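Since the structure comes first, as structure tokens, the remarks are kept for the end.
Number of protein chains: 2
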Amino acid sequence: MDIMEGILTRRSIRRFTGEVISQERLETILRAGFAAPSAHNSRPCHFVVLKDKTTLEKITTFHPYAKMLPQAGCGIVVCGNNEAQKLEGFMVADCAAAIENMLLAANGLGLGSVWCGLHPVAELTEGMKELLNLPENITPVGLVVVGHTDEKKGSWNRYDEEKIHHDKW
Amino acid sequence: MDIMEGILTRRSIRRFTGEVISQERLETILRAGFAAPSAHNSRPCHFVVLKDKTTLEKITTFHPYAKMLPQAGCGIVVCGNNEAQKLEGFMVADCAAAIENMLLAANGLGLGSVWCGLHPVAELTEGMKELLNLPENITPVGLVVVGHTDEKKGSWNRYDEEKIHHDKW
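The listed protein sequences correspond, in order, to chains Y and W. Count along the first sequence from 1, add 23, and you get the number used in the numbering used here. Count along the second sequence from 1, add 23, and you get the number used in the numbering used here.
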């Protein structure tokens, strides 16, 4: 799939067939995550791959927008190391870039995915920290739910001239 | 260019020929930015396109890592509307996803680009707010410098098994 096509056809997919993605495809998606840039090349991102059914079910008890996770069969919690990147704003941006790369890679593989926010919602980050036993210096920034899609969505033009400014506001 | 190839070959480019990118290519890059997902679909991102030579030069007086901006000839300041998305962490993540899409689109077009961080460094965000006359509710999150590349960089494998965890830390 061409890169612009991949960017323009990526949509949030929340219905899945139940078939878990292969290890090979998972690795391709993780490779895309690692390829994202990071501020001052501090590379603060870690990836917690979730496949255990009990873990997937537990997440739905505290994350109101992750109900589709067990049916997808796979989640990737993207975490930032606050010691590798001390500026929280940069750390969050680095993790977000990695997440976007993974969503695009999934789309390129013909898979569906959706980004469920975590940071800065304390209820969600605390729930994740406890469940996954994350160290103190590790912040869960976002959850990528990925699987075989069970819905069709076309591309969606969100181009908005009113949000483009020239040389000043 | 294939989407995975585009993701894996994207590198930070800081040397440019001086030829400014065409309007058509700029629009393609902006279209990629708009296509990024946003938390709860709040779409908080605005894009300030910089081409004015005086503006480009002024930015180099307060941003130590944007010295290449005048030679590139074009910058895009990605801003978040704090009223559209009140949670700063989500707003920053949304802008970062738009930035990553634009870096990938530039790579797909054969152009070079580099992401210069702004938020949360007060010196940089204040400098940009004053120069671009940004409203109080608008935060400049990052600057994309884009132009015709004058350096060759191969892909760079940053895959790191030690940063992959399974079901818990």
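Glycine included, every Cβ here is placed at the ideal spot set by N, Cα and C. Here the structure is a predicted model, which is why all the values come from computation and not from measurement.
{"Query": "According to the Cβ coordinates, are G41 (chain Y) and G96 (chain Y) closer than 8 angstroms?", "Result": "yes"}
{"Query": "Along the chain, where does the alpha helix (DSSP H) that runs through C118 (chain Y) open and close?", "Result": "111–131"}
{"Query": "Per DSSP, T172 (chain W) forms a beta bridge with which residues?", "Result": "W:F39"}
{"Query": "Answer yes or no: does any C-beta atom of chain Y fall closer than 8 angstroms to that of V115 (chain W)?", "Result": "yes"}
{"Query": "Taking only the alpha-carbon atoms, compute the straight-line gap between R48 (chain W) and G131 (chain W) and give it to the nearest angstrom.", "Result": "10 angstroms"}
{"Query": "Would S65 (chain Y) pass as an interface residue toward chain W - the criterion being a Cβ-Cβ separation below 8 angstroms?", "Result": "no"}
{"Query": "Using a beta-carbon distance cut-off of less than 8 angstroms, what residues from the stretch 65–83 of chain Y approach chain W?", "Result": "R66, C68, H69, F70, V71, V72, L73, K74, D75, T78"}
{"Query": "Anyone know if the C-beta pair for L141 (chain W) and D190 (chain Y) falls short of 8 angstroms?", "Result": "no"}
{"Query": "Does the beta carbon of G27 (chain W) sit closer than 8 angstroms to a beta carbon anywhere in chain Y?", "Result": "The question names Gly, but residue 27 (chain W) in the sequence shown is Met. So, interface residue."}
{"Query": "Closer than 8 angstroms by beta-carbon distance: list the chain Y residues that pair up with F85 (chain W), in chain order.", "Result": "The premise fails here: F85 (chain W) is roughly 16 angstroms from chain Y at the closest Cβ pair, so nothing lies under 8 angstroms."}
{"Query": "Taking the continuous beta strand (DSSP E) assigned at I82 (chain W), which residues delimit it?", "Result": "Unbroken run through I82 (chain W) is the alpha helix (DSSP H), 76–85; no beta strand (DSSP E)."}
{"Query": "At a Cβ threshold of 8 angstroms, is A55 (chain Y) touching chain W?", "Result": "yes"}
{"Query": "Taking only the alpha-carbon atoms, compute the straight-line gap between N105 (chain Y) and V168 (chain W) and give it to the nearest angstrom.", "Result": "27 angstroms"}
{"Query": "With 8 angstroms as the threshold, decide whether the Cβ of R33 (chain Y) is near any Cβ in chain W.", "Result": "yes"}
{"Query": "Give me whichever residues DSSP pairs with P143 (chain Y) in a beta bridge.", "Result": "Y:L141"}
{"Query": "Residues of chain W with CB closer than 9 angstroms to the CB of H189 (chain Y), please, in chain order.", "Result": "V71, V72, L73, K74, D75"}
{"Query": "Can you tell which of W:L79, W:K90, W:Q46, W:G135 has the C-alpha that lies nearest to the C-alpha of R34 (chain W)?", "Result": "W:G135"}
{"Query": "When DSSP labels each residue in this structure, what does N105 (chain Y) get in the three-state scheme?", "Result": "coil"}
{"Query": "Closer than 8 angstroms, Cβ to Cβ, to anything on chain W: give me those residues from the stretch 141–161 of chain Y, in chain order.", "Result": "H142, P143, V144, L154, L155, N156, L157, P158, I161"}
{"Query": "What residue does the beta strand (DSSP E) around I44 (chain Y) start on, and which one ends it?", "Result": "Segment: none, I44 (chain Y) is in no beta strand (DSSP E) and carries neither H nor E."}
{"Query": "Should Q108 (chain W) and A59 (chain W) be called a contact, given that it needs their Cβ atoms to be closer than 8 angstroms?", "Result": "no"}
{"Query": "Determine the direct distance from the alpha carbon of F39 (chain W) to that of H69 (chain Y), and round the result to whole angstroms.", "Result": "33 angstroms"}
{"Query": "Going along chain W in order, which residues have a C-beta closer than 8 angstroms to the C-beta of I36 (chain Y)?", "Result": "Result: empty, since nearest Cβ-Cβ is about 11 angstroms, beyond 8 angstroms."}
{"Query": "Against N124 (chain W), what residues of chain Y qualify as contacts under a CB-to-CB distance less than 7 angstroms, listed in chain order?", "Result": "I30, E123"}
{"Query": "Should A120 (chain W) go down as buried or exposed, given a rule of 16 or more other Cβ atoms within 10 Å for buried?", "Result": "buried"}
{"Query": "Below 6 angstroms CB to CB, which residues in the same chain sit around I99 (chain W) once its five sequence neighbours on both sides are set aside?", "Result": "F70, V72, V167"}
{"Query": "Can you tell me whether W179 (chain Y) is buried or exposed? The criterion is at least 16 other CB atoms within 10 Å of its CB, across all chains shown.", "Result": "exposed"}
{"Query": "Starting from the beta carbon of A59 (chain W), find every residue of chain Y whose beta carbon is closer than 7 angstroms, and list them in chain order.", "Result": "E123"}
{"Query": "Using only the alpha-carbon positions, how far apart do S65 (chain W) and I26 (chain Y) sit?", "Result": "25 angstroms"}
{"Query": "To the nearest whole angstrom, what separates the beta carbons of V164 (chain W) and G112 (chain W), a pair I think is in contact under 8 angstroms?", "Result": "With 8 angstroms as the limit, V164 (chain W) and G112 (chain W) do not qualify as a contact, their Cβ atoms being about 12 angstroms apart."}
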